[in-house]
Amino acid sequence: MSHEAHAAESHEEHPPTTIREYVMIGLVLTVVTIVELWASYNEPILGSLLVPALFIMSAFKFAVVVAMFMHLRFEHSLLWKLFSFGLVLGTAMILAMTLLFWNDATDAVGGPEFHTGSTLNEASKPGGAPAPAKH
Amino acid sequence: MAAAAHETQPATQHHTTMGIDNRKVLMWIFLASECLFFGALISTYLIFKGDSLVGPYPKEILNIPVTSASTFVLLMSSLTMVLAVYGAQHGRLGMMKVMLLATVLLGIGFLGFQAYEFTEFVHEGLGLTTNQFGSSFFVLTSFHGAHVTVGVLYLLSLLLASNRRTGLGHDRALHIDLAGLYWHFVDVIWIVIFTIIYLIPN
Numbered sequence: 001m002s003h004e005a006h007a008a009e010s011h012e013e014h015p016p017t018t019i020r021e022y023v024m025i026g027l028v029l030t031v032v033t034i035v036e037l038w039a040s041y042n043e044p045i046l047g048s049l050l051v052p053a054l055f056i057m058s059a060f061k062f063a064v065v066v067a068m069f070m071h072l073r074f075e076h077s078l079l080w081k082l083f084s085f086g087l088v089l090g091t092a093m094i095l096a097m098t099l100l101f102w103n104d105a106t107d108a109v110g111g112p113e114f115h116t117g118s119t120l121n122e123a124s125k126p127g128g129a130p131a132p133a134k135h
Numbered sequence: 136m137a138a139a140a141h142e143t144q145p146a147t148q149h150h151t152t153m154g155i156d157n158r159k160v161l162m163w164i165f166l167a168s169e170c171l172f173f174g175a176l177i178s179t180y181l182i183f184k185g186d187s188l189v190g191p192y193p194k195e196i197l198n199i200p201v202t203s204a205s206t207f208v209l210l211m212s213s214l215t216m217v218l219a220v221y222g223a224q225h226g227r228l229g230m231m232k233v234m235l236l237a238t239v240l241l242g243i244g245f246l247g248f249q250a251y252e253f254t255e256f257v258h259e260g261l262g263l264t265t266n267q268f269g270s271s272f273f274v275l276t277s278f279h280g281a282h283v284t285v286g287v288l289y290l291l292s293l294l295l296a297s298n299r300r301t302g303l304g305h306d307r308a309l310h311i312d313l314a315g316l317y318w319h320f321v322d323v324i325w326i327v328i329f330t331i332i333y334l335i336p337n
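Protein chains in written order, with my numbering: chain V, 1 to 135; chain D, 136 to 337.
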């Protein structure tokens, strides 16, 4: 063993995961991704369960990579707390912003009257201005 | 006695009072701040993706099979990266170098898929300023692509440094571990982006 390799081994604590376990984790992540794809292409089968199922599978993959590949499971709790802090804040921001803009009427120029007032009526007439498309 | 004890410590160790190397703490703080950065971009995409007044719209243009292939490539790059970290921590330098090279190549492959996707979108009429969906989509995925590019350069620099006569020195395992943390973070962010942009019905 070289001096460099010996020095690294003597000063570092290694996570107990083996190569075989890492490969198995990679396989599990691949299988979950295939299931996600299948679910995405089979929307009618899952119906309203599709979006929650996709989020759960995504969260599972996220957690597995962070815990096992980034070794957060084996690290000092301070690192876990630091990362969780940023993750919770980021997730809270996504939720807050999405909820804030959930109702499109709050976006419309002129407020809710915009949708019930003359502008919409004009748009509905033949030759009138087209209503904004929402996709 | 104290001087002798001091001499046995490698000059490059920077442990905090809790026994964690402060460079590792710094990397985790950086990654936590990146959660907020991508959180802002993802919420912007969620708000604006449905507000386009003109096409192309998401369901008309997103190519799920191609992006699934690029997602698989990035996922496999995480596996090769963790094996590179394993090699560095267990003194298996050959394995470390091969896996680092594989990670770099897979990262370049992912960027190739992204360049192909962007080119296709532009040919189909979706640019950065075409509509709200285009703006938010390109900003989010481009910033992720920029992170992958930085990661590729980071890993490439480590690969080149490991081939020097002195290698990466006493802190080799830590250097590879820190690069691995960054690379895996880029992967987990893509896991979220892939689900939100491509898999959830528009």
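For each residue, glycine too, the CB sits at the ideal point set by N, CA and C.
No experiment lies behind these values; they were computed from the predicted model shown.
CA-to-CA distance, residue j to residue i, given in whole angstroms
i: V/L87; j: D/W325; result: 15 Å
i: D/T143; j: D/A175; result: For D/T143, the predicted structure reports a pLDDT of 44, less than 50, and the residue's modelled location is therefore unreliable. The matter cannot be settled from this model.
i: D/G154; j: V/L72; result: 15 Å
i: V/G110; j: V/N103; result: Because V/G110 sits at a pLDDT of 48, beneath the cut-off of 50, its placement in the model cannot be relied upon, and the following sentence gives the value as read from the coordinates. Near 14 Å, if we compare the C-alpha coordinates of V/N103 and V/G110.
i: D/S270; j: D/S297; result: 40 Å
i: V/L89; j: D/L166; result: 13 Å
i: D/F248; j: D/T202; result: 7 Å
i: D/G302; j: D/S292; result: 12 Å
i: D/M211; j: V/A63; result: 16 Å
i: D/I328; j: V/N42; result: 20 Å
i: V/F85; j: D/L171; result: 10 Å
i: V/L95; j: D/F253; result: 28 Å
i: D/V217; j: D/I335; result: 29 Å
Three-state secondary structure assigned by DSSP to residue i
i: D/D322; result: helix
i: D/D306; result: coil
i: D/D312; result: helix
C-beta neighbour in chain D for residue i, strict 8 Å
i: V/V66; result: yes
i: V/E21; result: no
i: V/L29; result: yes
i: V/G47; result: no
i: V/F62; result: yes
i: V/F55; result: yes
i: V/H51; result: This sequence places Val at residue 51 of chain V; His is not what is there. Yes, V/V51 lies at the interface with chain D (some Cβ there is under 8 Å from its Cβ).
From the options, residue whose alpha carbon lies closest to that of residue i
i: V/L37; options: D/E255, D/F253, D/T206; result: D/T206
i: D/A308; options: D/P336, D/Q224, D/T264; result: D/Q224
i: V/L142; options: D/I164, D/T264, D/G280, D/V287; result: Residue 142 of chain V is absent from the model: chain V starts at 1 and stops at 135.
i: V/V23; options: V/F83, V/V65, V/S84; result: V/V65
i: V/T17; options: V/F74, V/I34, V/L29; result: V/F74
i: D/A281; options: D/H258, D/A250, D/R299, D/E255; result: D/A250
i: D/R410; options: D/V274, D/K232, D/A314; result: Given that chain D is displayed from residue 136 to residue 337, the structure contains no residue 410 of chain D and the question cannot be resolved.
i: D/L275; options: D/K194, D/L218, D/I311, D/V321; result: D/V321
i: V/H76; options: D/Y333, D/K159, D/L316, D/F272; result: D/K159
i: D/L313; options: V/K81, V/F69, V/T98, V/L54; result: V/F69
i: V/I56; options: V/R20, V/V35, V/L99; result: V/V35
i: D/I196; options: D/Q267, D/N337, D/F256; result: D/F256
i: D/I311; options: D/I331, D/V323, D/L334, D/V287; result: D/V287
Chain V within 8 Å of residue i, Cβ atoms only
i: D/A219; result: no
i: D/L240; result: no
i: D/Q249; result: no
i: D/H319; result: yes
i: D/L171; result: yes
i: D/D322; result: yes
Residues that residue i contacts on chain B, provided the C-beta gap is smaller than 8 Å
i: D/M153; result: Of the protein chains in the structure, V and D, none is chain B.
Quiz prompt | Chain-ordered residues of the stretch 82 to 105 of chain V with a beta carbon less than 9 Å from chain D | solution = From the stretch 82 to 105 of chain V, only L82, F83, S84, F85, G86, L87, V88, L89, G90, T91, A92, M93, I94, L95, A96, M97, T98, L100, F101, D104 have a Cβ closer than 9 Å to chain D.
Quiz item: For the stretch 199 to 215 of chain D, which residues have a CB atom closer than 8 Å to at least one CB atom of chain V, in sequence order?
Solution: Against chain V - using a Cβ distance shorter than 8 Å - the residues of the stretch 199 to 215 of chain D are I199, S203, T206, F207, L210, M211, S213, L214.
Exercise. Determine which residues of the stretch 175 to 188 of chain D have a Cβ less than 7 Å from any Cβ of chain V, and write them out in chain order.
Key: Residues passing the 7 Å Cβ filter: A175, I177, S178, L181, I182, G185, S187, L188.
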